[in-house]
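Engineer: In this note's numbering, the protein residues as written are 114 to 288.
Glycine included, every Cβ here is placed at the ideal spot set by N, Cα and C.
Dumping the structure here so I can ask a few things about it.
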């Protein structure tokens with residue numbers, strides 16, 4: 114199955130442009146969330162290059178961010194680039210469990226591959242990649258069993274409808 118990021122843009126913007134004044138747009142080198150500059154303006158979720166997985170990941174962060182965080186550039190999150198120390202990586206992994214769990218579910222609903230990302234290639238790598246993977250997968254299972262955040266559920270269902278998948282047969286494990 115071909116996965117075109119333009120499909121994600123169409124789906125996301127159709128669901129959330131009017132209701133949440135937020136649009137998904139293709140970007141350049143780095144993903145970024147830019148809140149609306151004015152009261153009736155549009156916030157932008159900018160994903161890296163033309164990468165389908167980057168779009169799903171950035172949407173995942175947006176689906177978790179609360180009202181106040183969505184008024185802040187990059188949701189006000191601390192971010193330390195690739196090359197993190199062990200303690201910086203540990204902090205990164207703590208905040209990445211839920212967004213990566215949603216990204217995993219979105220990928221499954223779209224019929225695309227999901228890969229855990231420790232996002233620290235030139236640093237010390239993951240603190241414990243196996244444990245991190247397990248935390249992400251356990252959170253994905255909790256979401257399936259107990260419900261996704263409302264915006265995430267809306268997007269998850271739209272992906273399943275668009276790609277013809279359904280919740281009961283999702284295979285969301287990292288391959």
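(1) Between residue 212 and residue 259, which are expected to be in contact by the criterion C-beta below 8 Å, what is the C-beta distance as a whole number of angstroms?
(2) Which residue from 253, 136, 185 and 164 puts its Cα closest to that of residue 118?
(3) Where does residue 231 land, buried or exposed, given buried means 16+ other C-beta within 10 angstroms?
(4) Using beta-carbon positions only, say whether residue 222 and residue 184 come within less than 9 Å of one another.
(5) Could you tell me whether the Cβ atoms of residue 159 and residue 215 are closer together than 9 Å?
(6) Which stretch, first to last residue, makes up the beta strand (DSSP E) that contains residue 157?
(7) Please list the terminal residues of the continuous beta strand (DSSP E) segment that includes residue 139.
(8) If we count the other Cβ atoms within 10 Å of its Cβ and call it buried at 16 or more, is residue 174 buried or exposed?
(9) Tell me the residue span of the alpha helix (DSSP H) that contains residue 276.
(10) Can you look up residue 256 in the DSSP assignment and give me helix, strand or coil?
(11) What is the DSSP secondary structure of residue 249, counted as helix, strand or coil?
(12) What residues in its chain sit with their C-beta under 8 Å from that of residue 243, if we drop five residues either side in the sequence?
(13) Out of 116, 180, 149 and 121, which has the shortest C-alpha to C-alpha gap to residue 269?
(14) With a Cβ-Cβ cutoff of 9 Å, do residue 124 and residue 218 count as a contact?
(15) Assign residue 164 to one of three DSSP states: helix, strand, or coil.
(16) What do you reckon, are the CB atoms on residue 153 and residue 137 nearer than 9 Å?
(17) Whose C-alpha, out of 264, 249 and 199, is nearest the C-alpha of residue 130?
(18) Give the DSSP-derived three-state secondary structure of residue 190 in the structure shown.
Structural biologist: In short, the structure shows the following:
(1) With a Cβ gap of about 17 Å, residue 212 and residue 259 do not count as contacting.
(2) 164
(3) buried
(4) no
(5) no
(6) 156–160
(7) Note, residue 139: beta strand (DSSP E), 135–139.
(8) Buried is the call here.
(9) 263–276
(10) helix
(11) helix
(12) none
(13) 121
(14) no
(15) coil
(16) no
(17) 264
(18) coil
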